[in-house]
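Whatever position you read off the sequence shown (first residue = 1), add 1183 for the working numbering. Beta carbons are placed, not taken as given, at the ideal position from N, Cα and C, and that holds for glycine. Only a predicted model underlies this, so the values are computations on that prediction, with no experimental measurement involved. Below is one structure, written out as structure tokens; comments come after it.
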Amino acid sequence: MDKTSLLRLKPTLAGELFFDDLTKALYATDASVYRKTPTAIAYPKNDRDIQKLVAFANSEEIGLVPRTAGTSLAGQCVGNGIIVDTSRYFTSILSLDEQKKQVVVQPGVIRDELNLYLKPFGLFFGPNTSTSNRCMIGGMVGNNSSGTTSIQYGVTRDKVVRMKTILSDGSEVAFGPITKTEFEQKAKLKNLEGKLYADIAHELLQSEVQSEILKEFPKADIHRRNTGYAVDELLKNEVFGTSDTSFNMCKLLSGSEGTLAFTTEITLQLDDLPPEYAAMVATHYTSLEDCLSDVSPLMQHSLHMCEMMDKVILDCTKNNRQQLANRFFVDGDPAAILMLEVKAPSKQLLEVEINALKKTIAKSRLSYASPVLYGDDIKKAIELRKAGLGLLGNMVGDKKAVACIEDTAVALEDLKDFIGEFTEIMKGYGQSAVYYAHAGAGEIHLRPILNLKKAEDVVLFRSITTDVAKLTKKYKGSFSGEHGDGIVRAEFIPLMLGAKNYALLKRIKTLFDPNNIFNPGKIVDAYPMDKSLRYKIDREEPQVATLLDFSDSEGILKAAEKCNGSGDCRKTHNMPGGMCPSYHATKNEKDTTRGRANVLREFLTNSDKPNQFDHQELKQVFDLCLSCKACASECPSNVDVATLKAEFLYQYQEANGYSLRSKLFAHNTKLNALGSKMAAVTNTVYDSFLGSLLKKASGVANERSLPKVHRFDFDGFLNGQPKSKTSKGAVVLYIDEFTRYLDIEVGQDAIALLSSLGYKVQLFYAESGRTYLSKGFLKQAKALAAKNIQKLYEFSEEGRPVVGLEPSAILSFRDEYKRLHDDRNTTDAIASNTFLIEEFLAVEIEKGKLTSESFTTTEQQVKIHNHCHQKALSNQKVTFDVLNLPKNYRVSIIASGCCGMAGSFGYEKEHYDVSMQVGELKLFPAVRKSESDVIIAANGTSCRHQIFDGTKRKALHPVSILRKALLIH
1184 MDKTSLLRLK PTLAGELFFD DLTKALYATD ASVYRKTPTA IAYPKNDRDI
1234 QKLVAFANSE EIGLVPRTAG TSLAGQCVGN GIIVDTSRYF TSILSLDEQK
1284 KQVVVQPGVI RDELNLYLKP FGLFFGPNTS TSNRCMIGGM VGNNSSGTTS
1334 IQYGVTRDKV VRMKTILSDG SEVAFGPITK TEFEQKAKLK NLEGKLYADI
1384 AHELLQSEVQ SEILKEFPKA DIHRRNTGYA VDELLKNEVF GTSDTSFNMC
1434 KLLSGSEGTL AFTTEITLQL DDLPPEYAAM VATHYTSLED CLSDVSPLMQ
1484 HSLHMCEMMD KVILDCTKNN RQQLANRFFV DGDPAAILML EVKAPSKQLL
1534 EVEINALKKT IAKSRLSYAS PVLYGDDIKK AIELRKAGLG LLGNMVGDKK
1584 AVACIEDTAV ALEDLKDFIG EFTEIMKGYG QSAVYYAHAG AGEIHLRPIL
1634 NLKKAEDVVL FRSITTDVAK LTKKYKGSFS GEHGDGIVRA EFIPLMLGAK
1684 NYALLKRIKT LFDPNNIFNP GKIVDAYPMD KSLRYKIDRE EPQVATLLDF
1734 SDSEGILKAA EKCNGSGDCR KTHNMPGGMC PSYHATKNEK DTTRGRANVL
1784 REFLTNSDKP NQFDHQELKQ VFDLCLSCKA CASECPSNVD VATLKAEFLY
1834 QYQEANGYSL RSKLFAHNTK LNALGSKMAA VTNTVYDSFL GSLLKKASGV
1884 ANERSLPKVH RFDFDGFLNG QPKSKTSKGA VVLYIDEFTR YLDIEVGQDA
1934 IALLSSLGYK VQLFYAESGR TYLSKGFLKQ AKALAAKNIQ KLYEFSEEGR
1984 PVVGLEPSAI LSFRDEYKRL HDDRNTTDAI ASNTFLIEEF LAVEIEKGKL
2034 TSESFTTTEQ QVKIHNHCHQ KALSNQKVTF DVLNLPKNYR VSIIASGCCG
2084 MAGSFGYEKE HYDVSMQVGE LKLFPAVRKS ESDVIIAANG TSCRHQIFDG
2134 TKRKALHPVS ILRKALLIH
């Protein structure tokens, strides 16, 4: 399309319209295997904007592709037209009717955040997808989403009461429940709305049409059904059937993937909150067949969940830092696990439910273990199951578990036989598939392992999908249970529903959308399922040289390709976790882990420059990355954007030069060492007008206070410590560059604490290289690592643990050093001998070497904010445990995410506002709400500085708090 037309459209919108290469790259993919570069991306601000887009699409003969979170697995959200993203502005909960138990929302409302809003009213929206912490109601309606709770609460279509839409002629029409008389009146209207009702009546009142629908559509008892348009649902009312139920066009629009109308408001029917008491029985099996044999008898119980995970999924969780902890209930090496949740209004009734379930389990004798989980343990198990989709992206190399046949649903009594025949099909192709998900609903997510970069596997992609479609038809199942048809399954609708029904669907599409502007190529007149794939088939793999070692992913390009688009990084600050702080502040797709990985993949793959990193678009997407490393643990695919950014910065600066400011921050340790020789003079300058000039000249935000430098004799301080009568062992205390020159009191407190507790302390001075890593000075970081590794390896060989105070410094020995040094055995040995001081002390507590007897009994409340790198590479519990040593300390962890400072990031003038926005999301309000006598604990130097700049409260390192709590100093 000529950009002139887009340039004319842009100023007429209240929202935004983009058609630059970066934004188009961000929206070229979703969570499917497809890639289509859009013409433009629109962020409409109101209904009028959408009407203007509809008029433009009609006049320019271009498609409109509706999109919210972009987590669709079948390619619904990709297209060559205009992507219309409602996730930015259509995000309001408009009204709640408590009596009717109905809520009106815009399509960009996130499912879990809706339920947070509804909880105080005792209500909730039942359908619960694995993406529920970021998926949006508009997408759930478009796909007719189901999730883990459908066996108890139904699917999204069951919950949609009304939809306010904009039709293909730009008219605004609301659809909802109407009587037969009202239907007949609407059919007489002389507009598109009237024509819709009149023509639907003409089509569906024909007995032969109804017979064909009943004959070819999936079995009526399969409630997860989303193949084609739900015309079968339109027969279940007083207009077309014997039922006295009202007619509701929303039954048709739900699951239509935005191909019939553009939805702007949705009224949902809600349910009362589930019973208060819950338990989960996790039955373990040595074979998939045994697992499936148990499903039908177990479903005789009133289960709220019956989910399955197979060995492939379970094995993927072993390689994910966050999910590894959620494997606590897994006994041995099962071939499959069923997760069976029961709920009751009292503990006594819950035990009755559990015992009844156990009897059924015992009767079959197929399960070898069946632990019972309660409370937070249930949440952890569910998180493990929900992570399944994203974890599949963890498979190293080009072979991936591909979504194509993953959405089949059959009647429960057919499930075992269906899976048996499916397995034989896969054996015929030499395939071992992945099996997981909604066993209790007759829907197992089945995925073949394919390399869609290779022509022979693309042939298998089509062949396997075709054979499984035929098998599903044999059992009169639904080829799409909840993920939709999109591109991957739409081609097979004629097979699944028959030629006559497919012709009916085409007529309905033409009736609603005669110019085919709404999401073309989906459901009818489908795009080919084996074209427009994410990767060019049989391409010559781009060779990308890097300084950091990405061999664990087979190179940096494949490290970026691990992102499968599941969009976990789009959860907001209202959800647990820290990923991704910049997105939390901006709500911009380019500031997600997914966005950064996608754009890096696009440009490394398609660059024609000698240095593939030398693109402004890459500079833009990495600009607001705080290198917090939350993605390294929270992203199911372990896409570590902080490491990708470090490599990008190095490569980009090698091509374009290193700025003065970057040099100042990177070499900050040298400057601090120099300034500390005359600390009083340096600090006076920092506090004077010269400090302001220095900040202005170096691009530092004027609002920031410059950290004071110090000079201190740590060796002398150590030698002056009282000698302990008994020794609990030797420990090497790492005096990092921040402790040595900026936070000397933390170093003093650590020496005093360890010495008083009976440890023989040896000091190790070294610059970690953190400032070099954060600014992309990788050659300097590599040289430092080589120097430090020599000494660190000696400590590991001698069995002397190395403990550190600043998380970003000490944890670099466990993380980045593995990518900076060639000998993995050496770096692994160092990593296993390197600890945060809290980790070390927590282990000593477990061994019984440290007790509360050494500490005060005074009552004190402490609130902890932990460093992001600790959250990603270690855990927060260690800090919680050590601060609980004083027996009357009441300790809690602030659910704070990232503080927003991130080393030099928060000092840079162009990043200051985002830095403070991140702090204001959770951390600052939590600190301000704390009483003045509450101690704020923060082990990161940047975190403590950010807390002071944002709240004027002084936070203390945990060792400083413990030193003050010692009975003997």
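Assigned secondary structure, residue i (DSSP; H/G/I helix, E/B strand, else coil)
| i | result |
| --- | --- |
| His1756 | coil |
| Ser2075 | strand |
| Gln2059 | coil |
| Ile1405 | coil |
| Gly2089 | helix |
| Gln1259 | coil |
| Gly1912 | strand |
| Asn1311 | strand |
| Val1585 | coil |
| Gln1368 | helix |
| Met1319 | strand |
| Ala1620 | strand |
| Pro1677 | helix |
| Val2101 | helix |
Assumed close pair residue i, residue j - CB separation to whole angstroms, cut-off 8 Å
| i | j | result |
| --- | --- | --- |
| Ser1476 | Lys1610 | Wrong, their Cβ atoms sit about 20 Å apart, outside the cutoff. |
| Leu1306 | Lys1284 | 6 Å |
| Leu1967 | Phe1947 | Not really, about 14 Å apart at Cβ, beyond 8 Å. |
| Tyr1833 | Gly1959 | 4 Å |
| Val1822 | Glu1800 | About 18 Å; that fails the 8 Å criterion. |
| Leu1436 | Phe1358 | 7 Å |
| Glu1817 | Gly1761 | 7 Å |
| Gly1411 | Gln1234 | Not a contact, Cβ separation roughly 28 Å. |
| Met1319 | Ala1252 | 5 Å |
| Leu1532 | Val1585 | That belief does not hold up - the Cβ atoms of Leu1532 and Val1585 are roughly 44 Å apart, past 8 Å. |
| Asp1493 | Leu1471 | 6 Å |
| Leu1549 | Ile1608 | Not quite, the Cβ-Cβ distance comes to about 24 Å (not below 8 Å), so this is no contact. |
| Gly1912 | Tyr1942 | 6 Å |
| Gly1623 | Val1593 | That belief does not hold up - the Cβ atoms of Gly1623 and Val1593 are roughly 13 Å apart, past 8 Å. |
Closest residue to residue i among the options (Cα-Cα distance)
| i | options | result |
| --- | --- | --- |
| Phe1895 | Phe2088, Ala1913 and Ser1859 | Ser1859 |
| Ser1646 | Ile1632, Leu1877, Tyr1612 and Ser2015 | Tyr1612 |
| Ile1602 | Leu1629, Ala1238 and Glu1981 | Leu1629 |
| Ala1570 | Gln1289, Ser1820, Thr1447 and Asp1427 | Ser1820 |
| Leu2019 | Ser1991, Ile2028, Glu1421 and Phe1445 | Ser1991 |
| Leu1556 | Leu1680, Ala1465 and Phe1605 | Ala1465 |
| Ser1313 | Ala1211, Thr1348 and Leu1574 | Leu1574 |
| Phe1511 | Cys1474, Ser1485, Leu1549 and Arg1568 | Arg1568 |
| Phe2131 | Ala2148, Glu2093, Ile2144 and Gly2089 | Gly2089 |
| Leu1940 | Asn1684, Lys1369, Glu2036 and Tyr2000 | Glu2036 |
| Leu1988 | Ser1951, Asp1454 and Gln1973 | Ser1951 |
| Asp1696 | Lys2032, Leu1994 and Thr1442 | Thr1442 |
| Glu2027 | Lys2054, Val2065 and His2052 | Val2065 |
| Val2110 | Asp2096, Asn2122 and Gly2133 | Gly2133 |
C-beta neighbour in chain C for residue i, strict 8 Å
| i | result |
| --- | --- |
| Ala1624 | This model lacks chain C altogether; it includes just one protein chain. |
- Query: Which ranges would you report for the alpha helix (DSSP H) in the segment 1797–1848 if only whole runs of at least 4 residues count?
  - Reply: 1799–1806, 1813–1817 and 1824–1839
- Item | Whole alpha helix (DSSP H) elements within the segment 1466–1503, 4-residue minimum | 1471–1481 and 1494–1500
- What residue ranges within the segment 1920–1973 form continuous beta strand (DSSP E) runs of no fewer than 3 residues, ordered along the chain? 1942–1948
- Message: Check whether the segment 1769–1781 and the segment 1738–1746 touch, using three or more Cβ-Cβ pairs below 8 Å as the test.
- Response: Yes: the two stretches touch, three or more of their Cβ pairs being nearer than 8 Å.
- Could I get the ranges of all uninterrupted alpha helix (DSSP H) runs contained in the segment 1723–1800, with 4 residues as the minimum, in chain order? 1739–1744, 1764–1769 and 1776–1789
- Task: Entirely within the segment 1325–1349 and at least 4 residues each: give me those alpha helix (DSSP H) ranges in chain order.
- Result: 1333–1336 and 1339–1342
- Do three or more CB pairs link the segment 1835–1847 to the segment 1528–1536 at distances below 8 Å? no
- Say whether the segment 1253–1262 touches the segment 1694–1713, bearing in mind that this needs 3 or more beta-carbon pairs closer than 8 Å, one atom from each stretch. yes
- Message: Give the list of continuous beta strand (DSSP E) stretches no shorter than 3 residues that lie fully inside the segment 1184–1222.
- Response: 1199–1201
- Can you list the beta strand (DSSP E) stretches of 3 or more residues lying completely in the segment 1266–1295, in chain order? 1276–1280 and 1285–1288
- Task: Say whether the segment 2042–2061 touches the segment 2110–2127, bearing in mind that this needs 3 or more beta-carbon pairs closer than 8 Å, one atom from each stretch.
- Result: Using a Cβ-Cβ distance cut-off of 8 Å, the segment 2042–2061 and the segment 2110–2127 are in contact, since at least three pairs of beta carbons, one from each stretch, lie closer than that value.
- Query: Curious, which full-length alpha helix (DSSP H) runs of at least 4 residues does the segment 1524–1606 contain?
  - Reply: When DSSP assignments are scanned along the segment 1524–1606, the uninterrupted stretches of alpha helix (DSSP H) that are 4 or more residues long and fall wholly within it turn out to be 1530–1547, 1559–1569 and 1571–1574.
- Taking three-plus beta-carbon pairs below 8 Å as touching, is the segment 1653–1661 in contact with the segment 1400–1410? yes
- Is there contact here, the segment 1236–1245 with the segment 1797–1814, by at least three beta-carbon pairs under 8 Å? no
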